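Sequence order for the protein chains is A and B. For the record, in the first sequence the residue sitting at position 295 is 295 according to my numbering, with numbers rising by one throughout. Heads up, my numbering is the position in the second sequence plus 1000, with the first residue counted as 1.
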Amino acid sequence: MVAVSTLVFFMIRLVPGDPIAAMLADSGSPEAREALIRRLGLDQPLIIQFFKWFGGLLQGDFGTSIYGSNQPVSDILMNALPKTLSLAFLSFIIAIVIAVPAGIISATHKNTAADTGFSLLAFIGLSMPDFWLAIMLIIVFAANLQWLPAIGYEPLSAGFWPWFSHLILPSIAIGTGFSAIIARMIRSSMLEVLQADYMRTAASKGLSDRVLMLRHALPNAMIPVLTVIGIAFALLISGAVVVENVFSIKGLGRVLIQGIQNRDYPVVQGAVLLVSAFFVLSNLVVDLLYAVVDPRIRYS
Amino acid sequence: MMSDTAFNPAAEAEAPPKRRSRFRAVFSKDRKAQFGLVVLGLFILGAFLAPFLAPYDPNEMTLNMMSGPSGDNVLGTDDLGRDLFSRILWGTQISLFVGVATVALALFFGVLLGVLAGYYGGWIDMVIMRYIDLQWAFPNFIIAVYLVAVFGTGLLNVIVAIALAFLDDFARIARSMVLTLKQEQYIDAAKVQGFSDFRIMMRHILPNAMAPIIVQATVSVSYAILGEASLSFLGLGVSSDTPTWGLILSDGRSFISRAWWLGVFPGLAIMLVVLSINFIGDALRDALDVRESDV
């Protein structure tokens, strides 16, 4: 993470545009410009700026936004984080709920109409741009049927339904591609497991199909699937960045894109860092889950 | 997979025709791949012939605004009276170009890094892998967004940004292939014969490492096209006056409740192209015998 944040800091100093000029618009006199540069600490050498920023980072201080209200970046991010987390969580649940049964059915009914159908759906899900799916969902469920709100976000504290109804469409938009990847992986992994000797042994013990699948096949098939889930988290995060912008949800993705538009360095830095931290952390959780799924793996 | 043929010069000589017939076998049976080839072929044709096929200038504004699909405007017009079909057709050029150019760039530099790291090992490997691991900490799309934010929008920047984001995937695959192939006896044989490192890498290692790289490249083209569309959609794309699919969608987004065609058709174009490439990639995976876990 240290290396990651260093890279993030120095990369953004390469931005060609001049944020000071953008902030002062046309009205800025040279004196006002000087004062502003000094206030933001931009007159100091780059390396000092870096250590100040990094020191702050360690204390949870991401600096202050240099655009508009000059809010602390950590406030902006903390405001956005629950929205993105809710979205990612719900997308993940939706993806798993679709992918696990679809993957198992495809594997156990290999080369049947169901398998072909799921495989085709998976391909389509993988090929659809998530923002387009988001727009399609808005057209159908918000604009025409008017069942669900088209934009915005309600916190969970406002009640489950307001929260859920605002998040369900974006979550489907994000979760679809994710579920396609997982379903495909579950299928191929299950197919391998089903040929294993212990499956034949278990079947010869007279266990029911249900027990056979859920107790013997699925846990063993989950190990490679977990790896893919970890990698595919990237998709979930990118999806959230784009789809939040479609649904005007002020999560990390929207904060990031607005930060870029406003040339608000500290906000962009903070958002990219937090998004990457989330990605790294979720992969760490996946690593730890290996041990849960496969008792042979132990972390000492 | 190819390595076992290398012990036997006769088998190596036969390999190309065998592989070609395997391609034919897979592609003649796989209906999805056939669909992919046909649809992608049509889009490529459309991209090249856009100047002749497009019924209108893609940026020409008319008073015929927001009219639905009709005989005059097959896919309708947008809020400025521009013909949607012509815009999508021209957009094909950008999408396909970005897809191919990006992957060519990522492939060249990624494979170069991967082969160097895998072949030489030691500190070269360490430095390259440190960087690759560092890049791994960021989701690809976030890297692309960040790079465009840093270097600005525009065709070249978008291509470089997405290519850089994909670099680590190719480097990783190339490196692991090289590490496996390095153990082969024919590499030792080549070294004993006094061939240069460059020659061994180019003539002996790379050709045998190509299968997973080709599959990864195909898949990456589809991701690159999706990535470009997403960037354009977020206003971080090629430019605001070039009609790209993502931009057309982003422009039309505010009007979708009154003009559904502005939302439906550009996305359908993206989906069809990406789907075709994915179908082809899947068939290539079968034909080249690459395991899903390798890529």
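Cβ atoms here follow ideal geometry from the backbone N, Cα and C, with glycine treated the same way. Being a predicted model, the structure only gives us computed values, none of them experimental.
Query, Result
"Roughly how many angstroms lie between the CA atoms of residue 1277 (chain B) and residue 1026 (chain B), to the nearest whole one?", "16 angstroms"
"Locate the alpha helix (DSSP H) running through residue 101 (chain A), then write down its first and last residues.", "73–108"
"Is it buried or exposed, residue 1281 (chain B), if we count other Cβ atoms within 10 angstroms and call 16 or more buried?", "buried"
"Look up residue 1083 (chain B) in the DSSP assignment and give the residues it is bridged to.", "B:1077"
"First and last residue of the alpha helix (DSSP H) that includes residue 199 (chain A)?", "197–204"
"Mind listing the chain A neighbours of residue 1271 (chain B)? Cutoff is C-beta to C-beta under 8 angstroms, in chain order.", "124, 127, 128, 129 and 132"
"Rounded to whole angstroms, what's the CA-CA distance from residue 1268 (chain B) to residue 1204 (chain B)? Just pull it up for me.", "43 angstroms"
"Out of curiosity, what's the CA-to-CA distance linking residue 1013 (chain B) and residue 1214 (chain B)?", "Residue confidence for residue 1013 (chain B) is low, a pLDDT of 44 falling below 50, so the modelled location carries little weight; the figure read from the coordinates is stated next. Their Cα atoms are separated by approximately 21 angstroms."
"Helix, strand or coil, according to DSSP, for residue 227 (chain A) in the structure here?", "helix"
"Residue 1220 (chain B) CB to nearest chain A CB: under 9 angstroms?", "no"
"Which residue's Cα is closest to the Cα of residue 172 (chain A): A:95, A:255 and A:263?", "A:95"
"On a Cα-Cα basis, can you pick out the residue from A:99, A:136, A:130 and A:134 that is closest to residue 119 (chain A)?", "A:99"
"Taking only the alpha-carbon atoms, compute the straight-line gap between residue 1153 (chain B) and residue 1175 (chain B) and give it to the nearest angstrom.", "32 angstroms"
"Compile a chain-ordered list of the residues in the segment 1244–1261 of chain B whose CB is closer than 7 angstroms to at least one CB of chain A.", "1249, 1253, 1256, 1257 and 1260"
"Which same chain residues, not among the five before or five after residue 246 (chain A), have their C-beta less than 7 angstroms away from its C-beta?", "131, 134 and 135"
"Near residue 243 (chain A), what residues of its chain come up, given a Cβ to Cβ distance below 7 angstroms and the 5 sequence neighbours on each side ignored?", "130, 131, 134, 170, 173 and 174"
"Residues in its own chain within less than 8 angstroms of residue 25 (chain A) by CB, not counting five upstream and five downstream?", "In this predicted model, residue 25 (chain A) has a pLDDT of only 46, less than 50, meaning its place in the structure is not dependable enough to derive any value."
"Assign residue 1083 (chain B) to one of two classes, buried (16 or more other C-beta atoms within 10 Å of its C-beta) or exposed (fewer than that).", "buried"
"Can you grab the Cα-Cα spacing for the pair residue 104 (chain A) / residue 190 (chain A), in whole Å?", "7 angstroms"
"Is it true that the CB of residue 1029 (chain B) sits closer than 9 angstroms to the CB of residue 1119 (chain B)?", "no"
"State the DSSP-derived secondary structure class of residue 1218 (chain B), mapped to helix, strand or coil.", "helix"
"Can you tell me whether residue 64 (chain A) is helix, strand or coil according to DSSP?", "strand"
"Going by beta-carbon coordinates alone, are residue 138 (chain A) and residue 150 (chain A) separated by less than 9 angstroms?", "yes"
"Any beta-carbon of chain D closer than 9 angstroms to the one on residue 143 (chain A)?", "In the structure shown, chain D does not exist; the protein chains are A and B."
"For a cutoff of 9 angstroms on Cβ pairs, would you count residue 1142 (chain B) as touching chain A?", "yes"
"Leaving out the 5 sequence neighbours to the left and right, which residues in its chain are closer than 6 angstroms to residue 1166 (chain B) when beta-carbon positions are compared?", "1106 and 1220"
"Check whether the Cβ of residue 284 (chain A) lies closer than 9 angstroms to any Cβ atom in chain B.", "no"
"So with Cβ pairs under 9 angstroms, would you call residue 1263 (chain B) a contact of chain A?", "yes"
"Per DSSP, what kind of secondary structure is residue 1131 (chain B) in: helix, strand or coil?", "helix"
"Mind checking the segment 1157–1175 of chain B against chain A and listing, in chain order, the residues whose C-beta falls within less than 9 angstroms of any C-beta there?", "none"
"Note down, in chain order, every chain A residue with its Cβ under 7 angstroms from the Cβ of residue 1230 (chain B).", "129, 131 and 242"
"So, under 8 angstroms CB-CB, residue 1212 (chain B) and residue 1290 (chain B) are touching, yes? Tell me the CB distance rounded to an integer number of Å.", "5 angstroms"
"Cα-Cα, which of A:180, A:261 and A:72 is closest to residue 92 (chain A)?", "A:180"
"Comparing C-alpha positions only, which one of B:1258, B:1271, B:1124 and B:1034 sits nearest to residue 1230 (chain B)?", "B:1271"
"Please go through the same chain and pick out, in chain order, the residues whose beta-carbon is closer than 6 angstroms to the beta-carbon of residue 1345 (chain B), but skip the five residues on each side of it.", "No information on residue 1345 (chain B) is available, as it lies outside the stretch 1001 to 1295 that chain B covers here."
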